[in-house]
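Just so you know, we're using this note's numbering here: the sequence shown kicks off at 144 and counts up by one. The C-beta atom is built at its ideal place from N, Cα and C for all residues, glycine as well. In what follows, a single structure is set out as structure tokens and then discussed.
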Amino acid sequence: MQNSDLNRREFVKITAAAGAALALPAAGQNGVAQAPAPSSSKMIGIQVGAISFVDEGTEKVLDILQERACVNTLFLAVFTYGRGIAGRQIPGYPLPDHGKQEYDLKYHGGNFATPHPKYYKNTVIQPEHAPDHGNLDILAEVLPAAKKRGMKVICWMEDVFRTDLPNIEKVQEKDLYGRNMETLCVNNPNYLNFFTGLVEDFASSYDIDGIMWGSERQGALSDSLGATHDTPPIDPGNVTCFCEFCMKKAKERGINPDRAKQGFLELEKFVRAARSGKRPSDGYYVQFWRILLRYPEIAAWEMSFTDSLRETYAALYKTVKNVKPEVPVGWHIWHNTSFNPIYRAEQDWQELSKYSDFIKVVMYNNCGGERFALYVDNIGSTLYGDLTKQQLTDFTNEVMGYKESSYKQLPSTGLPADYVYSETRRALEGIAGTKTQIWSGLDIDIPTEPGNSKRTPQSVKDAVVAAFRAGAPGIILSRKYSEMRLANLGGAGDAIRELKLSS
Ligand SMILES: [Zn+2]
Numbered sequence: 144m145q146n147s148d149l150n151r152r153e154f155v156k157i158t159a160a161a162g163a164a165l166a167l168p169a170a171g172q173n174g175v176a177q178a179p180a181p182s183s184s185k186m187i188g189i190q191v192g193a194i195s196f197v198d199e200g201t202e203k204v205l206d207i208l209q210e211r212a213c214v215n216t217l218f219l220a221v222f223t224y225g226r227g228i229a230g231r232q233i234p235g236y237p238l239p240d241h242g243k244q245e246y247d248l249k250y251h252g253g254n255f256a257t258p259h260p261k262y263y264k265n266t267v268i269q270p271e272h273a274p275d276h277g278n279l280d281i282l283a284e285v286l287p288a289a290k291k292r293g294m295k296v297i298c299w300m301e302d303v304f305r306t307d308l309p310n311i312e313k314v315q316e317k318d319l320y321g322r323n324m325e326t327l328c329v330n331n332p333n334y335l336n337f338f339t340g341l342v343e344d345f346a347s348s349y350d351i352d353g354i355m356w357g358s359e360r361q362g363a364l365s366d367s368l369g370a371t372h373d374t375p376p377i378d379p380g381n382v383t384c385f386c387e388f389c390m391k392k393a394k395e396r397g398i399n400p401d402r403a404k405q406g407f408l409e410l411e412k413f414v415r416a417a418r419s420g421k422r423p424s425d426g427y428y429v430q431f432w433r434i435l436l437r438y439p440e441i442a443a444w445e446m447s448f449t450d451s452l453r454e455t456y457a458a459l460y461k462t463v464k465n466v467k468p469e470v471p472v473g474w475h476i477w478h479n480t481s482f483n484p485i486y487r488a489e490q491d492w493q494e495l496s497k498y499s500d501f502i503k504v505v506m507y508n509n510c511g512g513e514r515f516a517l518y519v520d521n522i523g524s525t526l527y528g529d530l531t532k533q534q535l536t537d538f539t540n541e542v543m544g545y546k547e548s549s550y551k552q553l554p555s556t557g558l559p560a561d562y563v564y565s566e567t568r569r570a571l572e573g574i575a576g577t578k579t580q581i582w583s584g585l586d587i588d589i590p591t592e593p594g595n596s597k598r599t600p601q602s603v604k605d606a607v608v609a610a611f612r613a614g615a616p617g618i619i620l621s622r623k624y625s626e627m628r629l630a631n632l633g634g635a636g637d638a639i640r641e642l643k644l645s646s
């Protein structure tokens, strides 16, 4: 690993540039700015959903977050239909030691604040108030309580939808065979218009301190190869998107959609054969290159998706800035950036900095070991079918700049805190010279399978220390307070007090 010894001069340069961009000063009661508390020099954030405030009481949750983890910024899950950032613990995993001790099996999701219809006129997606907590508007509930304490509230949302929503089929992606998928198409105007409406609604209707949006997806090439830690990986026949909007966009970019489809059909055959253990006569790696060289359109299709997602970021950024220029806007970047080199290549921090006040880079080190091994399982059964799992682990460590690790032990050990340090450094170096801040995304009790690495207060503390020692101007404790154990949350506070980042 590089940079295990911090170059002091570089450290000062990076942290000064990052700190100047987004100071997030604390506003006191009655709107009078207070002298910033020592903790305000670093952004100490946590992702939290509406259910926790409902279950435990708003003031009590804020007390716990401040006392246990010195939190000064809430990333409030205001829009999602998914369970990763909202709702209680995912059914089947142990409930934490706070909140209601039962699973919310009827979780629905939606907009946990109050959607104002005038912002959603140019989309067929209905702006649905999440029915989970009656008429509760979580922003109206939490904003005043947080502001009284000088805490910031950043609206946190992702592009995860249900399949039973009105009109949703008109916005869903089409796979290689024209079948609807659960994911929505980034090139469908209804998608963009929904999210620009949503962020305009939040920025206009509430006195918020920022917007963070995330989309955990990649293009069809990576998806076809199974270049991800997701289980099971996407079926190579289900890669996306081949809807009318994507075909039109491809043509405008000079990509022949029919050639792209043919290429993905060839890739589908390759992946199916590889997963059933049928080795091509020249080996998996060579055969893949034979297809890619014959059909470069499959790489162009991948980049077309990436550019479309970037255009979404840029449009959301512009929309918020038009309403309230002072509201910071940034993105949650998926954990796959730690594993899949193709996806990492697509996360070009300099390019993203043009429309990002901050970027949350996911570097969850506890569940990271399990996820690394899953990535190796997935891609090791296609592109790298000729490598052993350990060889592929070594290769990934080398090209991604990580320390040696054992494929067999990764799930039970997790990734070391040093990974958080090197990932934070890498992101800071990548963003250097821009005004964009890097906030390290750290996991506390994201569920792992039985027998696999579990968080301890010490391992949380080590991760937080590593992020700040690397020069991060902020951290985001993830994925949601409702899955975190209090003692482990306390590990974050221990680190922050030890580093004297809080009074
Ligand atoms: Zn499409």
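- For cysteine 510, the uninterrupted alpha helix (DSSP H) segment begins and ends at 509-522.
- Taking each of His259, Arg396, Ile268 in turn and checking the Cα distance to serine 347, the smallest one comes out for His259.
- Runs of the beta strand (DSSP E) lying entirely within the segment 354-414, each at least 3 residues long, are 354-357 in chain order.
- The beta carbon of histidine 276 lies closer than 7 Å to those of Ala193, Val197 in the same chain, with the five residues before and after it left out.
- DSSP places isoleucine 187 within a strand segment (E or B) once states are collapsed to three.
- Collapsing the DSSP output to three states places threonine 591 in coil.
- Contact between threonine 374 and leucine 530 is ruled out by a C-beta separation of about 20 Å, above the 8 Å threshold.
- Distance from the Cα of tryptophan 492 is smallest, within the candidate group Thr525, Ser555, Met446, Ile581, for Ile581.
- Valine 519 and tyrosine 262 have their C-alpha atoms some 43 Å from each other.
- Straight through space, the alpha carbons of isoleucine 485 and cysteine 389 are spaced by roughly 21 Å.
- When the beta-carbon positions are compared, glutamate 411 and leucine 526 stay at least 8 Å from each other.
- Straight across, the Cα-Cα distance linking glycine 353 with aspartate 378 is about 37 Å.
- Shown here, histidine 272 sits in a strand according to DSSP, grouped into three states.
- Annotation for asparagine 336: no beta strand (DSSP E) segment contains it, though the alpha helix (DSSP H) segment containing it runs 332-348.
- If you draw a straight line from the Cα of asparagine 330 to the Cα of serine 645, it comes to about 44 Å.
- In this structure, asparagine 508 has its beta carbon at no less than 7 Å from each heavy atom of ligand 1.
- Three or more beta-carbon pairs drawn from the segment 432-448 and the segment 382-401 are found closer than 8 Å, and the two stretches are therefore classed as touching.
- Only exposed fits leucine 436, as fewer than 16 other CB atoms lie within 10 angstroms of its CB.
- For the segment 532-586, the continuous beta strand (DSSP E) assignments of 3+ residues that do not extend past its boundaries occur at 580-586, in sequence order.
- With a threshold of 16 other beta carbon atoms within 10 Å, glutamine 361 meets it and is buried.
- In the structure shown, glycine 192 adopts extended strand secondary structure according to DSSP, grouped into three states.
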